[in-house]
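Under numbering that gives the first Met the number 0, the first residue of the sequence shown carries the number 0, and numbering increases by one thereafter.
Every residue, glycine too, gets a C-beta built ideally from N, C-alpha and C.
Here is the structure we will look at, set down as structure tokens.
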Amino acid sequence: MSSPLPQLVNTLGQDLKRRHGQRVHKIAIHAGFTCPNRDGSKGRGGCTFCNNNSFSPHARQGRSVAEQIAAGRSVIRRRTGAERFIAYFQAYTNTYADVDQLARLYREALEAPGVIGLSIGTRPDCVPPPVLDLLAAHQEQGREIWLELGLQSSFDETLQRVNRGHGFTEYAEAVRAARARGLRVCTHLIIGLPGETAQHAMTTLKRVIDLGVDGLKLHPLHVVKGTRLANQWRHGEYQPWSLARYIETAADLIEATPPEVVYHRLTGTASPSILLAPAWCARKWQVIDGIANLLQQRGSRQGNRLDTLH
Ligand code: SF4
0 MSSPLPQLVN TLGQDLKRRH GQRVHKIAIH AGFTCPNRDG SKGRGGCTFC
50 NNNSFSPHAR QGRSVAEQIA AGRSVIRRRT GAERFIAYFQ AYTNTYADVD
100 QLARLYREAL EAPGVIGLSI GTRPDCVPPP VLDLLAAHQE QGREIWLELG
150 LQSSFDETLQ RVNRGHGFTE YAEAVRAARA RGLRVCTHLI IGLPGETAQH
200 AMTTLKRVID LGVDGLKLHP LHVVKGTRLA NQWRHGEYQP WSLARYIETA
250 ADLIEATPPE VVYHRLTGTA SPSILLAPAW CARKWQVIDG IANLLQQRGS
300 RQGNRLDTLH
């Protein structure tokens with residue numbers, strides 16, 4: 000039985016197919032960047048939940064961008080038949096380098112066969128004007144460009160608690176600067192951050208939508224090895240959310256999201272070798288199907304409850 004999800008949520012797959020006339024898939028790349036929240040320039044130790052081994056297992060440092068794209072392309076083509084791809088600079092902070100180096104890496108990706116655009120994952124405090132200008136120039140040449148900003152929460156107390164090293168103000172400035180250049184922004188939100196409830200997630204969504212956003216990624220907070228959150232969880236200081244609570248909150252957020260906003264992701268997984276809790280995070284399709292089934296049971300879909308935000 001096929002998933003009812005595409006009828007209920009404006010997913011990235013559908014959005015790309017509509018605009019490009021064929022399937023377009025993302026290929027995750029690890030381009031060897033680090034993160035200013037790890038090397039001391041913004042902070043040390045990184046976000047309390049971050050272990051970068053939880054990024055795509057297929058993208059590995061040590062291989063060139065072109066090599067990683069070639070490897071990802073052959074896997075995805077075999078699996079899906081797709082011939083068009085977006086190079087997704089995923090691991091760490093993918094704007095954290097000299098703009099000339101960024102230009103070289105992005106160009107290397109865009110010159111790879113079948114690549115029609117870029118998705119650049121980064122922090123809101125790491126997108127200076129020259130980087131945005133570089134991305135806008137590619138977009139003006141007809142490339143599909145997404146700037147993926149990790150916000151996680153709009154509450155500064157929460158951001159401090161998880162050692163993000165930036166606040167909501169930096170996010171608002173980055174969004175305004177990117178959208179003023181016509182760049183599409185996809186914002187990453189984490190549900191279940193320490194001290195947060197479903198109401199926090201709804202308020203964050205409202206603030207993000209009020210500022211203007213083109214895409215969203217939802218992610219449950221999971222506890223992975225090698226993080227400060229793992230210690231807090233072991234000491235009983237952090238309690239992961241249940242699957243039912245996550246599904247209900249995600250469905251509420253989707254109903255409150257305008258239909259034109261594109262959902263890039265509704266959940267996240269980590270490799271079994273590092274995932275500590277909650278165990279349901281490993282079962283991506285159980286989560287996605289659970290959200291779709293709940294929306295269906297409610298007779299609802301994305302954008303049906305925009306009043307929740309007012
Ligand atoms: S989650 Fe992102 S910003 Fe935070 S430490 Fe990891 S790479 Fe850096």
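- Sequence-distant residues of the same chain with beta carbon closer than 8 Å to proline 56, five excluded per side: Caution is warranted here: a pLDDT of 49 is assigned to proline 56, below 50, making its placement in the model unreliable, and the coordinate value is therefore given only provisionally. So the qualifying residues of the chain are Ser270.
- Message: Looking only at its chain, what residues have a beta carbon closer than 7 Å to the beta carbon of alanine 255, apart from the 5 residues adjacent to it on each side?
- Response: So the list reads Met201, Leu204, Arg304, Leu305, Thr307, Leu308, once near-sequence residues are dropped.
- Would you mind working out which of Leu133, Phe32, Arg62, Lys224 sits nearest tryptophan 145, comparing C-alpha positions? Leu133
- DSSP beta-bridge partners for histidine 234? DSSP output for histidine 234 lists no bridge partner at all.
- Pair every Cβ in the segment 34-43 with every Cβ in the segment 99-109, then say whether three or more of these pairs are closer than 8 Å. no
- Roughly how many angstroms lie between the CA atoms of glycine 31 and glycine 120, to the nearest whole one? If you take the alpha carbons of glycine 31 and glycine 120, they lie about 13 Å apart.
- Message: Pairs of beta-carbons, one from the segment 205-222 and one from the segment 263-282, closer than 8 Å: are there three or more?
- Response: yes
- Message: At 4 residues or longer, what runs of the alpha helix (DSSP H) sit wholly inside the segment 237-263?
- Response: 242-254
- Reduced DSSP secondary structure (H/G/I, E/B, other) of glycine 71: helix
- Task: Return yes when at least one heavy atom of the ligand SF4 lies under 6 Å from the C-beta of asparagine 230, else no.
- Result: The nearest non-hydrogen atom of the ligand SF4 is 6 Å or more from the C-beta of asparagine 230.
- Between which two residues does the beta strand (DSSP E) harbouring isoleucine 28 extend? Boundaries of the beta strand (DSSP E) around isoleucine 28: 23-28.
- Message: Strictly by DSSP, which residues pair up with isoleucine 189?
- Response: His218
- Query: Which first and last residues belong to the alpha helix (DSSP H) in which isoleucine 273 is found?
  - Reply: First-last for isoleucine 273: undefined, no H or E at that position.
- Item | Closest Cα partner of arginine 311 within the set Leu131, Pro129, Arg264, Gln231 | Any question about residue 311 goes unanswered here, given that the chain covers just 0 to 309.
- Rounded to a whole number of angstroms, what is the C-alpha to C-alpha distance between histidine 29 and tyrosine 87? 9 Å
- By Cβ distance below 7 Å, which residues in the same chain neighbour leucine 192 in space, the five residues on each side in sequence not counted? Cβ neighbours of leucine 192 beyond the five flanking positions: Gln151, Ser152, Thr157, Val161, Leu220.
- Query: Taking Cβ positions, are alanine 250 and isoleucine 190 nearer each other than 7 Å?
  - Reply: no
- Mapping DSSP to helix, strand and coil, what is valine 223? If DSSP states are grouped into helix, strand and coil, valine 223 belongs with the strands.
- Query: What do you reckon, is the C-beta of glycine 45 under 6 Å from a heavy atom of the ligand SF4?
  - Reply: The ligand SF4 has a heavy atom closer than 6 Å to the beta-carbon of glycine 45.
- Query: Does the ligand SF4 have even one heavy atom less than 6 Å from the beta-carbon of asparagine 36?
  - Reply: yes
- Item | Close-in-space but distant-in-sequence residues of the same chain around tryptophan 240 (CB under 6 Å, 5 per side omitted) | Contacts found: Gly191.
- Message: Going by C-alpha to C-alpha distance, which of Arg83, Phe154, Gln140, Leu182 sits closest to leucine 131?
- Response: Distance from the Cα of leucine 131 is smallest, within the candidate group Arg83, Phe154, Gln140, Leu182, for Leu182.
- Could you give the distance in angstroms between the alpha-carbon of leucine 194 and the alpha-carbon of tryptophan 279? Leucine is not the amino acid found at residue 194; the sequence shown has glycine there. When rounded, the distance between both Cα atoms is 21 Å.
- Query: Cβ of cysteine 344 within 6 Å of any heavy atom in the ligand SF4?
  - Reply: Since the first residue shown for the chain is 0 and the last is 309, residue 344 is missing from the structure and cannot be characterised.
- proline 35 versus cysteine 185: straight-line alpha-carbon distance, rounded: 20 Å
- Task: Using the Cα positions of phenylalanine 167 and tyrosine 262, report the straight-line distance between them to the nearest angstrom.
- Result: 21 Å
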